[in-house]
Amino acid sequence: MFEKEQIQDFLTELTESIELPDGTLNLDTKIENIEWDSLAVISCIALADEKFNIMLSGDELAKIITIGDIFQLISKKQ
Amino acid sequence: MPELLKKVDNVNLEGIVTCLPLNKVDNNLFEDKFSKKEISQIAASTGVKLRYYTSPQQKTSDLCLEAAKHLINKLNWEKESIDGLIFITQTPDKLIPATSNKLQFLLGLSSQSFAFDINLGCSAYPYGLWVASSLLQTGAKRVLILVGDTISKLIKKEDRATAFLFGDAGSATALSLKSDSSMKFILGSDGQGSENIKAEYKEKLEMNGSKVFEFSISRVPELLKQIDLSNGGKHDLYFFHQANKFMLNYLKKKCQINNESFPLNIENYGNTSSASIPLLITDYFKNKKFKEAINIALIGFGVGFSWSAASLDLKPNIFMDKIFINTK
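Protein chains in written order, with the working numbering: chain F, 365 to 442; chain C, 516 to 843.
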């Protein structure tokens with residue numbers, strides 16, 4: 365499971381890397397409502413590697429529906 | 516499992532010259548295909564502001580030929596003393612024959628010298644040094660390695676994954692047999708990734724950026740660790756293949772390399788594929804003189820997938836230069 369701070373820290377950095385306004389992302393944010401492009405996927409792979417030492421794949425991240433799904437993917441691999 | 520280290524003795528790096536076409540292209544070129552916002556986002560991530568493109572008539576061999584002429588001239592090498600040349604590219608002048616034969620002729624080298632092509636991209640330069648230095652152990656005394664690509668000819672201007680990223684460049688490197696120096700190499704390949712950067716016959720380049728990123732961040736840190744171990748510690752400078760800025764910054768952080776030891780020039784030239792490492796070296800040392808040997812690591816990774824690392828010393832008397840040719 366994740367600490368609240370871990371989730372917040374991840375979301376803050378992801379928001380920054382994909383240049384969204386602060387506070388845009390939460391676990392329920394739907395991918396279809398943001399610009400979830402290849403740059404976002406790569407930022408997400410980098411953050412999961414850096415913060416949790418987990419390697420996510422572009423294929424997995426292409427299928428997610430909400431931002432919360434990223435943490436589901438990470439916890440499955442932990 | 517530790518990666519297999521290859522050590523080659525009696526090899527000296529005499530000089531490197533890189534050559535760029537004088538057609539500088541900024542990101543405004545893409546304004547008919549992308550919005551200003553998209554351009555600024557892609558540019559921020561890839562880190563590329565400028566790149567140089569050859570003209571439609573110019574080939575990879577034109578860049579490497581000029582680099583090699585300049586290098587041979589400055590080193591004062593007699594043409595007859597050169598035992599052979601290796602040309603490494605993914606963008607040869609023609610499908611058949613090998614471009615190296617034409618280069619050997621245009622450089623005026625002896626017909627007794629060997630000439631052959633190798634097809635490698637991002638990992639080309641350390642591979643080339645390894646092949647050439649190995650040939651020096653079997654009778655050759657002077658070998659040229661010509662490495663370059665003109666990826667601009669394979670780009671779809673509307674493809675955000677590749678359009679902004681690449682530039683053209685060529686290089687020439689001279690190696691000679693000398694008793695007091697050596698190089699170390701780690702080389703590898705994983706063809707499972709072969710579909711992730713590719714150009715089919717008569718088609719343009721395609722790249723799966725996230726797969727390339729996954730490969731790079733899982734492979735390169737271990738490669739770096741092994742080449743540092745072989746060196747008995749960190750190197751003075753790390754010359755990485757200039758893949759894209761986001762990836763390079765991430766690898767720098769993950770591999771714990773400080774800014775001063777990690778030159779970057781992708782901003783001004785784009786990703787020049789096989790030529791990016793020699794271009795980075797000549798660019799970094801332009802107008803810099805040094806009195807003692809500098810211990811450097813060269814790290815190539817990408818298309819194939821293929822990876823390579825070299826560990827060597829740059830001596831103060833090495834000749835390095837960067838030149839331009841007109842685009843006709």
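Every residue, glycine too, gets a C-beta built ideally from N, C-alpha and C.
Computed from a predicted model, the values in this text were never measured in an experiment.
Contact annotation: in the region 414-440 of chain F, residues whose CB is within less than 9 angstroms of a CB in chain C are Glu414, Met419, Leu420, Ser421, Gly422, Asp423, Leu425, Ala426. The Cβ atoms of phenylalanine 730/C and isoleucine 814/C do not sit closer than 8 angstroms to each other.
Think of a sphere of 8 angstroms around the beta carbon of glutamine 556/C: the chain F residues whose beta carbon falls inside it are Glu383, Leu403, in chain order.
Residue-level contact by beta carbon fails for alanine 412/F and chain C, as no gap is shorter than 8 angstroms. Taking the Cα of leucine 795/C as reference, the smallest distance to any Cα among Gln757/C, Gly819/C, Gly562/C is reached at Gln757/C. Rounded to whole angstroms, the gap between the alpha carbons of leucine 425/F and aspartate 401/F is 10 angstroms. Using a CB distance below 7 angstroms, the part of the region 662-680 of chain C facing chain F consists of Ala676, ordered along the chain. At a beta-carbon threshold of 8 angstroms, none of the residues of chain F lie near glutamate 721/C; the nearest stands roughly 13 angstroms away. Interface with chain F (8 angstroms Cβ-Cβ cutoff): tyrosine 567/C is excluded. Counting only residues of its own chain and dropping the five nearest sequence neighbours on each side, serine 788/C has a CB closer than 6 angstroms to the CB of Gly636, Asp664, Ile666. Taking C-beta atoms under 8 angstroms as the contact rule, leucine 690/C and asparagine 527/C qualify, at a distance of about 7 angstroms. Close to isoleucine 395/F, with beta-carbon spacing below 7 angstroms, lies no residue of chain C; the smallest spacing is near 15 angstroms.
At least one beta carbon of chain C lies nearer than 8 angstroms to the beta carbon of isoleucine 409/F. Taken in chain order, the unbroken stretches of beta strand (DSSP E) that lie wholly in the region 661-743 of chain C and span 3 residues or more are 684-704. Each residue's CA atom was taken as its position, placing glutamine 652/C and serine 745/C some 21 angstroms apart. For the region 572-615 of chain C, the full-length beta strand (DSSP E) segments reaching 3 residues or more read 599-603 along the chain.
Only residues of its own chain outside the window of five on either side were considered, and among them Thr606 have a CB closer than 7 angstroms to the CB of lysine 668/C, listed in chain order.
Scanning chain F for C-beta atoms nearer than 7 angstroms to the C-beta of glycine 724/C yields Ser402, Ile406, reported in chain order. At a cut-off of 8 angstroms, the C-beta of phenylalanine 761/C has a neighbouring C-beta in chain F. DSSP, read as helix, strand or coil, puts glutamate 546/C in coil. Chain-ordered listing is empty here: chain F has no CB closer than 8 angstroms to the CB of phenylalanine 629/C, the nearest sitting near 42 angstroms. Going by DSSP, tryptophan 822/C is part of the beta strand (DSSP E) stretching over 821-829. The C-beta separation of leucine 763/C from isoleucine 809/C comes to about 20 angstroms, leaving the pair out of contact by the 8 angstroms criterion. Under the Cβ criterion (8 angstroms, minimum of three pairs), the region 693-704 of chain C does not count as touching the region 543-562 of chain C.
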